[in-house]
Amino acid sequence: AQSVTQLGSHVSVSEGALVLLRCNYSSSVPPYLFWYVQYPNQGLQLLLKYTTGATLVKGINGFEAEFKKSETSFHLTKPSAHMSDAAEYFCAVIPKSSGDKLTFGTGTRLAVRP
Amino acid sequence: GAVVSQHPSRVICKSGTSVKIECRSLDFQATTMFWYRQFPKQSLMLMATSNEGSKATYEQGVEKDKFLINHASLTLSTLTVTSAHPEDSSFYICSAREIGTGNQPQHFGDGTRLSIL
Chain B
1 AQSVTQLGSH
11 VSVSEGALVL
21 LRCNYSSSVP
31 PYLFWYVQYP
41 NQGLQLLLKY
51 TTGATLVKGI
61 NGFEAEFKKS
71 ETSFHLTKPS
81 AHMSDAAEYF
91 CAVIPKSSGD
101 KLTFGTGTRL
111 AVRP
Chain Y
1001 GAVVSQHPSR
1011 VICKSGTSVK
1021 IECRSLDFQA
1031 TTMFWYRQFP
1041 KQSLMLMATS
1051 NEGSKATYEQ
1061 GVEKDKFLIN
1071 HASLTLSTLT
1081 VTSAHPEDSS
1091 FYICSAREIG
1101 TGNQPQHFGD
1111 GTRLSIL
């Protein structure tokens, strides 16, 4: 079964510092890849997705992610963290072969220090 | 665009009560909607896939008689937690996928926090 691994359940960075949130998938065939953000007591908002084409994907709020097939990774980055980036981030996948169910990683809580 | 409205946002009720949660796609049509459950500080667990005009598909371990799903139109799905008990307390989130291929992103509602006393 497809699985998604997010290394680091908690990440803390200083304001203005680089944000790096890690995501690895387990399948031999690359799935469709997504990053979502969740603010407290809210649903999920799509940050970006990779389906095909250019491996560096730009999303909202200055985030981007790079698909690396050789590393089965889809890490999320942002050059300079803002206080407003503090939230829970979920990596998710949809296998290309089996329909439309999202499988989520366990999430990474990002804290931004002033 | 692509707004999903979920109502109510919070419910507090007594044990034994049935609770209905609505999920509406406001500006797009969704043949498929999804219902998730999220425990504190945990990821989302898919409960069921709701298909317009047909029966919902439940994930393993989810009681379909406990969690009734109705997808009456292309813009509305409802989840009814029947005879709710304290262990049903959780954050329930719906999502809707625009008509198209499986790689279309799901758009999420803001969730419903259910507290059973």
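Chains B and Y, in that order, are what the protein sequence lines are. Sequential numbering from 1 applies to the first sequence in our numbering. Sequential numbering from 1001 applies to the second sequence in our numbering. All C-beta atoms in this analysis are idealised placements derived from N, C-alpha and C, irrespective of residue type, glycine included.
* Asked: Secondary structure at B:I60, three-state DSSP: helix, strand or coil?
  -> Taking the first residue of the first sequence as position 1, residue 60 of chain B is located at position 60. Judged by DSSP in its simplified three-state form, B:I60 adopts helix.
* With DSSP run on the structure shown, which of helix, strand or coil describes B:S3? -> What you label residue 3 of chain B is simply residue 3 of the first sequence in a count that begins at 1. In the displayed model, B:S3 falls within coil according to three-state DSSP, outside both helix and strand.
* Taking only beta carbons into account, state which residues of the segment 1010–1032 of chain Y come closer than 7 Å to chain B, listed in chain order. => Against chain B - using a Cβ distance shorter than 7 Å - the residues of the segment 1010–1032 of chain Y are T1032.
* Asked: So what's Y:K1020 in DSSP terms, helix, strand or just coil?
  -> Counted from its first residue, the second sequence places residue 1020 of chain Y at position 20. When DSSP states are grouped into helix, strand and coil, Y:K1020 belongs to the strand group.
* Would B:D100 count as contacting chain Y if we go by Cβ distances under 9 Å? -> As a first step, residue 100 of chain B is located in the first sequence; it is residue number 100 there, counting from the start. True, the Cβ-Cβ gap to chain Y drops below 9 Å.
* **Residue of B:A92, B:Q42, B:A65 minimising C-alpha distance to Y:P1008** => The residue you call residue 1008 of chain Y lines up with position 8 of the second sequence. Per the Cα distances, B:Q42.
* Asked: Taking just the CA atoms, how far does Y:S1043 sit from B:P40?
  -> Translated into positions along the first sequence, residue 40 of chain B becomes position 40. Translated into positions along the second sequence, residue 1043 of chain Y becomes position 43. Near 13 Å, if we compare the C-alpha coordinates of Y:S1043 and B:P40.
* Please specify which runs of the alpha helix (DSSP H), each continuous and at least 4 residues long, are wholly inside the segment 1041–1100 of chain Y, giving them in chain order. => The qualifying runs do not exist here; there are none.
* Asked: Quick one: does the C-beta of Y:S1115 sit closer than 8 Å to a heavy atom of the ligand GTP?
  -> In the structure on display, the ligand GTP does not appear, and there are no ligands present to speak of.
* Proximal residues of chain B, C-beta to C-beta of Y:G1061 below 8 Å -> Indexing the second sequence from 1 puts residue 1061 of chain Y at position 61. Neighbours of Y:G1061 on chain B: none; closest Cβ ~15 Å, over 8 Å.
* Y:A1048: which of Y:F1039, Y:S1054, Y:E1059 sits nearest, CA to CA? -> By one-based count along the second sequence, residue 1048 of chain Y stands at place 48. Minimum Cα distance to Y:A1048 is reached at Y:E1059.
* To do: May I ask you to report which of helix, strand or coil DSSP gives B:E15?
  => In the first sequence, counting from the first residue as 1, residue 15 of chain B sits at position 15. In the structure shown, the three-state DSSP call for B:E15 is coil.
* Asked: Which residues, in chain order, does the segment 31–50 of chain B contribute to contact with chain Y at a C-beta distance below 8 Å?
  -> Cβ contacts with chain Y come from Y32, F34, Y36, N41, Q42, G43, L44, Q45, L46, K49.
* To do: Would you please verify whether the beta carbon of B:F90 is less than 9 Å from any beta carbon of chain Y?
  => Along the first sequence, read from residue 1 onward, the residue named residue 90 of chain B stands at position 90. Taking CB atoms only, B:F90 has a neighbour in chain Y less than 9 Å away.
* **Contacts that B:T106 makes with chain Y (C-beta to C-beta distance below 7 Å)** => As a position in the first sequence, residue 106 of chain B is number 106, starting the count at 1. Neighbours of B:T106 in chain Y, taken as residues at a C-beta separation under 7 Å, are given in chain order as S1043.
* Name the residue from Y:I1069, Y:L1068, Y:P1086, Y:H1107 whose alpha carbon lies nearest to the alpha carbon of Y:I1012. => Residue 1012 of chain Y sits at position 12 when you count from the first residue of the second sequence. Among Y:I1069, Y:L1068, Y:P1086, Y:H1107, the Cα nearest to that of Y:I1012 is on Y:P1086.
* Which residue comes first and which comes last in the beta strand (DSSP E) that contains B:E88? -> Within the first sequence, numbered from 1, the residue matching residue 88 of chain B stands at position 88. First-last of the beta strand (DSSP E) with B:E88: 87–94.
* With DSSP collapsed to three states, give me the class of B:K101. => Reading the first sequence from its first residue, position 101 is the one you call residue 101 of chain B. B:K101: coil per DSSP, three-state reduction.
* Looking at the structure shown, is Y:K1014 part of a helix, part of a strand, or coil, going by DSSP? -> For the purposes of this step, residue 1014 of chain Y is taken as residue 14 along the second sequence, with counting starting at 1. The DSSP-derived three-state label of Y:K1014 is coil.
* Asked: How should B:A65 be labelled, buried or exposed, when 16 other C-beta atoms within 10 angstroms of its C-beta is the threshold for buried?
  -> In the first sequence, counting from the first residue as 1, residue 65 of chain B sits at position 65. It counts as buried.
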